[in-house]
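Visitor: Each residue of the sequence shown is one higher than the last, beginning at 394 in the numbering used here.
Quick reminder that beta carbons are idealized off the backbone N, C-alpha and C, glycines included.
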Amino acid sequence: MGIQPISSTVKVVIFDCDGVLFDSKQANINYYNHLLERFGLPPMKDSQVEYIHMHTAEESVKYLFMNTPYLDEAQEYRTKMDYIPFIKDMVLEPDAKELLASLKPRFHLAMATNRSNTVTEVIRVHGLNGLFDMVVSSLDVLRPKPHPEPIEKILRHFSLSPSQAVYVGDSEVDQQTAAAAGVIFVAYKNEKLEADYHITRLMDIAAILGID
394 MGIQPISSTV KVVIFDCDGV LFDSKQANIN YYNHLLERFG LPPMKDSQVE YIHMHTAEES
454 VKYLFMNTPY LDEAQEYRTK MDYIPFIKDM VLEPDAKELL ASLKPRFHLA MATNRSNTVT
514 EVIRVHGLNG LFDMVVSSLD VLRPKPHPEP IEKILRHFSL SPSQAVYVGD SEVDQQTAAA
574 AGVIFVAYKN EKLEADYHIT RLMDIAAILG ID
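(1) Going by the CB atoms, is the gap between E491 and E413 shorter than 9 Å?
(2) Assuming Y560 is part of the beta strand (DSSP E), what are its boundary residues?
(3) Going by beta-carbon coordinates alone, are D439 and R508 separated by less than 9 Å?
(4) Identify which residue in L602, V576, V566 has its Cα closest to the Cα of K585.
(5) By how many angstroms is the C-alpha of G433 removed from the C-alpha of V406?
(6) What are the complete alpha helix (DSSP H) segments, minimum 4 residues, inside the segment 444 to 528?
(7) Could you please give the first and the last residue of the uninterrupted beta strand (DSSP E) stretch that includes V406?
(8) Return the CA-CA distance between L535 and E542, expressed in angstroms with no decimal places.
(9) Expressed to the nearest angstrom, what Euclidean distance is found between the alpha-carbon atoms of N460 and N421?
(10) Around the Cβ of G562, are there at least 16 other Cβ atoms within 10 angstroms (buried) or fewer (exposed)?
(11) Taking the Cβ atom as the reference point for each residue, do A600 and A588 lie within a distance shorter than 9 Å?
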């Protein structure tokens with residue numbers, strides 16, 4: 394059975410960054426393991442890897458360094474640490490650029506991510522400059538995801554209602570964010586999530602939006 398397109402009232406498509414537009418798992422593992430090694434701590438366990446994939450850098454460092462005497466020093470080191478060497482380990486998802494280019498003439502495009510000061514460089518290095526009308530990072534809001542503030546900020550910017558927005562995410566944090574904001578949620582490569590649509594290919598978004 395094919396994908397049933399949604400209403401033509403959708404005006405903005407909002408993407409998560411990590412796990413949707415990019416496979417950034419190895420880049421994040423390398424980044425945080427480097428940080429742990431700097432303070433003589435062992436590499437992350439699987440449960441820690443899962444956590445850092447969904448949370449902000451500040452939250453992740455707090456989680457990784459809890460019960461250690463290095464938390465404040467690690468947070469300070471993180472803010473000065475150069476993420477650029479790790480961007481090369483991020484892999485742009487197949488069809489991501491093609492999809493964004495095809496949606497651009499028809500919809501507003503936005504990104505809502507729990508990345509902080511690294512997102513601009515990630516977009517530049519991977520050749521996505523000019524494709525997004527708005528990017529909201531964890532530094533642009535008081536309450537990052539799963540609070541709906543990032544999506545609400547985007548909706549206010551374009552003067553849109555929640556029913557006019559689609560949000561594409563891959564994690565429980567994204568599911569909670571979409572539900573709290575009241576937008577249409579598309580789950581990417583995660584059947585465990587409660588979503589309006591589940592997809593395994595980014596180009597399926599075009600079908601959801603009724604684009605041939």
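Guide: Reading it off the structure:
(1) As a working mapping, residue 413 is identified with position 20 in the sequence shown. As a working mapping, residue 491 is identified with position 98 in the sequence shown. Reading the sequence as shown, one finds Val at residue 413 and not Glu. Going by C-beta atoms, V413 is not nearer than 9 Å to E491.
(2) Taking the sequence shown and counting its residues from 1, the one referred to as residue 560 is at position 167. 558 to 562 is the span of the beta strand (DSSP E), which, as asked, contains Y560.
(3) As a working mapping, residue 439 is identified with position 46 in the sequence shown. As a working mapping, residue 508 is identified with position 115 in the sequence shown. In this structure, R508 does not lie closer than 9 Å to D439 by Cβ.
(4) For the purposes of this step, residue 585 is identified with residue 192 of the sequence shown, where counting begins at 1. Looking at the Cα atoms, V566 is the closest of the given residues.
(5) Taking the first residue of the sequence shown as 1, we reach residue 406 at position 13. Taking the first residue of the sequence shown as 1, we reach residue 433 at position 40. Rounded to the nearest angstrom, the two C-alpha atoms are 43 Å apart.
(6) 450 to 457, 464 to 473, 477 to 480, 489 to 496, 512 to 518
(7) Here the question's residue 406 lines up with position 13 in the sequence shown. Its beta strand (DSSP E) spans residues 405 to 408.
(8) Residue numbering aside, residue 535 sits at position 142 when the sequence shown is read from its first letter. Residue numbering aside, residue 542 sits at position 149 when the sequence shown is read from its first letter. Roughly 8 Å separates the two Cα atoms.
(9) Numbered from its first residue, the sequence shown carries residue 460 at position 67. Numbered from its first residue, the sequence shown carries residue 421 at position 28. So the two alpha carbons sit approximately 22 Å from each other.
(10) The count along the sequence shown starts at 1 and reaches residue 562 at position 169. Buried, because 16 or more other Cβ atoms sit within 10 Å of the Cβ of G562.
(11) Here residue 600 refers to the residue found at position 207 when the sequence shown is read from its first residue. Here residue 588 refers to the residue found at position 195 when the sequence shown is read from its first residue. No, they are not a contact pair.
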